[in-house]
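Working notes, beginning with the structure itself.
Numbering (the numbering used here), first residue to last: 1 to 544.
Take a look at the structure:
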């Protein structure tokens, strides 16, 4: 939720004095934490306190969360009467019998980001969002706006590309067929979800970095603090928040509010993978049908007026998206000295060149991040000197292998234990089996049950401490952290569906699922659970 706080504070001085340009000092003396930050922290406090009493799967959890949301929004909110509440919301904050008032104002979306960061699954994200929103904004449009923001945050956390987030928002929530540059001069102050949430999401989608997202949101004008808060929350989930911006923003919080934020840091997963904007491509490259094709000039006839062009590679949208994100990452992280890639590679006895066999064959298992990034830079730069050079690095898996090394570097910075693995597998008509493997300090327990009735247990197996350690190592070797969140064959509704959720000791849960589509090492997961199968030639097709 830090991104929402940053956006709110940066945008606070422009709410009634719009600045329709990205060129401004990010923090100024007149900045302050408005109701957006205060209510965001109140929602976070409610979620944390609810978790101390019940787990989200219990039937009365959401009733508890609803009452705690009211409690902390009022308790905390009453201490800051001049932070910028609207008229109806102010009456709610100071009322003795607070009831929802059918609002569709953007207050629903400005405070909801903790739901997106706390949720372990997409269903939980939606449920948390609706519960913390409906205490005031129980209009369908209010709940819709909050849900759109929450889902965008959740998808960004799960490694979705911007194109995937864009597609999901357009499919389920709002049209996004506009550009910020095209609406900037005509956009006016508006406090409804309908006229601020899609614009805030679009600001994120058009951004190049966390800071650029905030600047884009402020430059739009209108309700600047709220739009920037919404944009910032999504941008945090996608990019992370730079340390210098974090430090400056937190300095604006009073002691009590800062304490809630500190408590939140201990409550939610760290989410601080430095290379996430790059490593999220691992699973997508793994199942890509094509990275590009050689193109032949068939339009020109070879005359002096129309000379025939040399063959060139038309790269896929996935490759172009990765290339663009890599350049932006390089700009944001000069500490890796990307321009010295040739020298860095030479120090590791890897001569740079478009046909460098050493680059393709390099064992990167012991390389640091700088050297891995130098390899990627070298591969991208090689295309400038020889058409198709980059294609070769994608096709032989070099890019994917290098990204996996970056993921491992991130993953190993914060060692974590697997606490629970839940695997569901079944068909539309054959029922679903749930495999739940839980780890404790003294061992592990595997329960197989029917998803429709988990009391209907098929089998139970217990493991000793040493066996549990071995199981954990075997599962970790599958590297499901490389996988996409979703594997789906479009337009096929029946067939085989599956879901995998892995919960770690740092409260992080990685969720994956699919319908008739699978990661390339799918059968290793089936082998782990002792599920019989017949290997197909293409792991992205349903096994026979």
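Don't be surprised by glycine CBs; every beta carbon is placed ideally from N, CA and C.
Since residue i contacts residue j with CB under 8 Å, what's their CB separation in whole angstroms?
i, j, result
"residue 314", "residue 295", "5 Å"
"residue 501", "residue 471", "With 8 Å as the limit, residue 501 and residue 471 do not qualify as a contact, their Cβ atoms being about 17 Å apart."
"residue 515", "residue 488", "5 Å"
"residue 427", "residue 513", "Going by Cβ atoms, the distance from residue 427 to residue 513 rounds to 14 Å, so no, they are not a contact pair."
"residue 208", "residue 328", "5 Å"
"residue 398", "residue 379", "7 Å"
"residue 160", "residue 133", "That belief does not hold up - the Cβ atoms of residue 160 and residue 133 are roughly 22 Å apart, past 8 Å."
"residue 408", "residue 274", "Not really, about 12 Å apart at Cβ, beyond 8 Å."
"residue 221", "residue 18", "4 Å"
"residue 450", "residue 433", "7 Å"
Mark residue i as exposed unless 16 or more other C-beta atoms lie within 10 angstroms of its C-beta, in which case mark it buried.
i, result
"residue 111", "buried"
"residue 45", "buried"
"residue 22", "exposed"
"residue 460", "exposed"
"residue 286", "buried"
"residue 97", "exposed"
"residue 303", "exposed"
"residue 48", "buried"
"residue 458", "exposed"
"residue 310", "exposed"
"residue 402", "buried"
"residue 276", "buried"
"residue 558", "Outside the modelled stretch of the chain, which goes from 1 to 544, sits residue 558, for which no answer is possible."
"residue 338", "buried"
"residue 33", "buried"
"residue 320", "exposed"
"residue 545", "The first residue shown for the chain is 1 and the last is 544, placing residue 545 beyond what the model contains."
"residue 8", "buried"
"residue 15", "buried"
"residue 243", "exposed"
"residue 538", "Confidence is the limiting factor: at residue 538 the pLDDT is only 49, short of 50, which leaves the residue's position unreliable and the question unanswerable from this model."
"residue 468", "buried"
"residue 384", "exposed"
"residue 189", "exposed"
"residue 59", "exposed"
"residue 95", "exposed"
Hey, out of the options, whose CA is closest to residue i's CA?
i, options, result
"residue 89", "147, 35, 443, 473", "35"
"residue 203", "232, 400, 496", "232"
"residue 164", "242, 404, 281", "281"
"residue 40", "258, 16, 275, 397", "258"
"residue 37", "60, 71, 435, 80", "80"
"residue 386", "207, 9, 356", "356"
"residue 507", "397, 422, 269, 396", "269"
"residue 4", "241, 158, 127", "241"
"residue 168", "134, 434, 205, 182", "205"
"residue 260", "2, 449, 158, 29", "2"
"residue 131", "78, 70, 173", "70"
"residue 396", "423, 17, 362, 406", "362"
"residue 518", "425, 50, 123, 263", "425"
"residue 200", "171, 325, 166", "166"
"residue 211", "52, 18, 68, 249", "249"
"residue 400", "274, 279, 183", "279"
"residue 439", "376, 333, 504, 127", "504"
"residue 478", "323, 404, 456, 335", "404"
"residue 377", "341, 369, 50, 171", "341"
The ligand MN and residue i: does the residue's C-beta get closer than 7 Å to at least one heavy atom of that ligand?
i, result
"residue 167", "With respect to the ligand MN, the structure offers nothing, as it holds no ligand at all."
Does chain C have any CB closer than 8 Å to the CB of residue i?
i, result
"residue 513", "Annotation note: the requested chain C is absent from the structure, which comprises a single protein chain."
Review point. Would you call the segment 307 to 321 and the segment 278 to 293 touching, i.e. three or more CB-CB distances under 8 Å?
Key: yes
Review point. Which full runs of the alpha helix (DSSP H) of 4+ residues lie inside the segment 328 to 356, going along the chain?
Key: 341 to 347
Exercise for review: Kindly provide the ranges of any beta strand (DSSP E) runs that are 3 or more residues long and lie completely inside the segment 403 to 445, ordered along the chain.
Suggested key: 418 to 427, 431 to 440
**Study point:** Three-pair Cβ contact test at 8 Å for the segment 63 to 73 versus the segment 10 to 29
**Key:** no
Review point. Are the segment 218 to 237 and the segment 147 to 154 touching by the rule of at least three beta carbon pairs closer than 8 Å?
Key: yes
**Study point:** At least three beta-carbon pairs within less than 8 Å, the segment 217 to 236 to the segment 194 to 208
**Key:** yes
Practice item. Could I get the ranges of all uninterrupted alpha helix (DSSP H) runs contained in the segment 265 to 334, with 4 residues as the minimum, in chain order? Key: 276 to 279, 282 to 286, 317 to 332
Point to revise | Length-filtered (4 minimum) alpha helix (DSSP H) runs lying within the segment 364 to 397 | key: 369 to 385, 389 to 395
Check your understanding: Hey, is the segment 139 to 147 in contact with the segment 184 to 194, meaning 3+ C-beta pairs nearer than 8 Å?
Key -> yes
Review point. For the 8 Å Cβ check, are there 3 or more pairs between the segment 203 to 216 and the segment 249 to 268?
Key: no
Practice item. Say whether the segment 70 to 89 touches the segment 163 to 182, bearing in mind that this needs 3 or more beta-carbon pairs closer than 8 Å, one atom from each stretch. Key: no
**Study point:** the segment 472 to 484 / the segment 524 to 536 touching (three or more Cβ pairs under 8 Å)
**Key:** yes
Review point. With contact counted as at least three CB pairs below 8 Å, one residue from each stretch, are the segment 477 to 487 and the segment 379 to 399 in contact?
Key: no
Point to revise | Segment contact flag, the segment 329 to 349 with the segment 411 to 428, C-beta cutoff 8 Å, min 3 pairs | key: no
Point to revise | the segment 122 to 139 contacting the segment 98 to 105, beta-carbon criterion three pairs below 8 Å | key: yes
Practice item. Would you list, in sequence order, the uninterrupted alpha helix (DSSP H) runs of no fewer than 4 residues that lie entirely inside the segment 2 to 43? Key: 2 to 12
Point to revise | Every unbroken beta strand (DSSP E) within the segment 156 to 184, with a cutoff of 3 residues, ordered by chain | key: none
Practice item. Identify every run of the alpha helix (DSSP H) within the segment 500 to 537, keeping only runs that are complete inside it and at least 4 residues long; order them along the chain. Key: 522 to 528
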